[in-house]
Amino acid sequence: MKILFIGDIFGRPGRTIVKERLPELVRRHAIDLVIANCENAAAGFGITPPLAEELFDLGIDVMTTGNHVWDKREIIDYFQMADGNPHSPARRLLRPANFPASLPGWGVYEGKKKGVEYAVINLQGRVFMGSSDDPYRYADGLLEKIKAKIVLIDFHAEATSEKVAFGWYVDGRATAVVGTHTHIPTADETILSKGTAYITDVGMTGPYDSVIGVKKELVIERFLSGMPARFEAAAGDVRLCAVVIECDDQTGRARTIERLMLR
Ligand SMILES: [Fe+2]
Ligand SMILES: [Fe+2]
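So the sequence shown is numbered by our numbering: it starts at 111 and just counts up by one.
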């Protein structure tokens, strides 16, 4: 199976480049499964039900999020639309699994594509982030229960050390650990010794003439003044950042991971 994972889709520029380039990417790399982090799809902050539908319509199979998941409150209604159907679109949009269990939504999706079972897990780190349950021990519990051989984990975290250590922690137990959240791609994609594909951060899919997606003047002003400011999405130098992971259907082990940056 070949999996395409697209890094944090930021605002309209990010959605537009995905719309323009995804069909060609899927063809050229013979992609079977498309997963994307969409926590910044709505002008940089959260995701709304219509935008979730729009992204699913582009051919994304499963969407992950992170700390921005609740920025648009309407997404709570969307989660509630799942209504017991384990494969509805509302069920294929994830929020970090290690958030309090009482919150709306799910952090794991188990599905089947082209006859092959797979699972996607969304977890959030704890270093320089809001509080959540321990993602390491949470992963242990989830990985024990999941039947599918192919398991991709979106580890949404700030600190590189927490992400790298997590990759090694689940090496051989997951097909891939892909980092999201910092919006800056890292050049450390690799296959770990027991067969897990790993990258610390896939990078943002959005405007790079910015500070991690936001108009740079606004962010500089906030650093200069310390005053709160309304952040707006930037527009220039739009790039699509993603990784392509090829894995063995029988064992779930990754064979290759390739980092992409399209302009
Ligand atoms: Fe993000
Ligand atoms: Fe984030």
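Quick reminder that beta carbons are idealized off the backbone N, C-alpha and C, glycines included. Just so it is clear, the structure is predicted and the values come from calculations on it, not from any experiment.
Given residue i as reference, the closest of the options once Cα atoms are compared
{"i": "residue 209", "options": "117, 266 and 196", "result": "266"}
{"i": "residue 196", "options": "218, 273, 345 and 278", "result": "218"}
{"i": "residue 345", "options": "355, 366, 323 and 354", "result": "323"}
{"i": "residue 362", "options": "316, 282 and 221", "result": "282"}
{"i": "residue 119", "options": "369, 321, 354 and 317", "result": "317"}
{"i": "residue 131", "options": "357, 369 and 349", "result": "349"}
{"i": "residue 301", "options": "319, 277 and 214", "result": "277"}
{"i": "residue 256", "options": "145, 220, 244 and 234", "result": "220"}
Same chain, Cβ closer than 8 Å to residue i, neighbours up to 5 away in sequence not counted
{"i": "residue 142", "result": "111, 112, 113, 223, 224 and 226"}
{"i": "residue 359", "result": "111, 226, 259 and 260"}
{"i": "residue 280", "result": "249, 253, 263, 287 and 306"}
Cutoff 7 Å; reference residue i; Cβ partners in own chain excluding five residues on either side
{"i": "residue 339", "result": "328, 331 and 332"}
{"i": "residue 178", "result": "149, 150, 155 and 156"}
{"i": "residue 270", "result": "310"}
Check whether residue i and residue j have beta carbons under 8 Å apart
{"i": "residue 312", "j": "residue 352", "result": "yes"}
{"i": "residue 268", "j": "residue 314", "result": "no"}
{"i": "residue 152", "j": "residue 182", "result": "yes"}
{"i": "residue 229", "j": "residue 199", "result": "no"}
{"i": "residue 159", "j": "residue 193", "result": "no"}
{"i": "residue 263", "j": "residue 231", "result": "yes"}
{"i": "residue 173", "j": "residue 204", "result": "yes"}
{"i": "residue 202", "j": "residue 171", "result": "yes"}
Bridge partner(s) assigned by DSSP for residue i
{"i": "residue 356", "result": "112 and 366"}
{"i": "residue 228", "result": "221 and 260"}
Other residues of its chain near residue i: CB distance less than 6 Å, five sequence neighbours each side excluded
{"i": "residue 342", "result": "325"}
{"i": "residue 355", "result": "113, 286, 307, 364 and 367"}
{"i": "residue 371", "result": "349 and 351"}
Check your understanding: How would the residue list near ligand 2 read, in chain order, if you kept each one whose beta-carbon is closer than 5 Å to any heavy atom?
Key -> 176, 177 and 291
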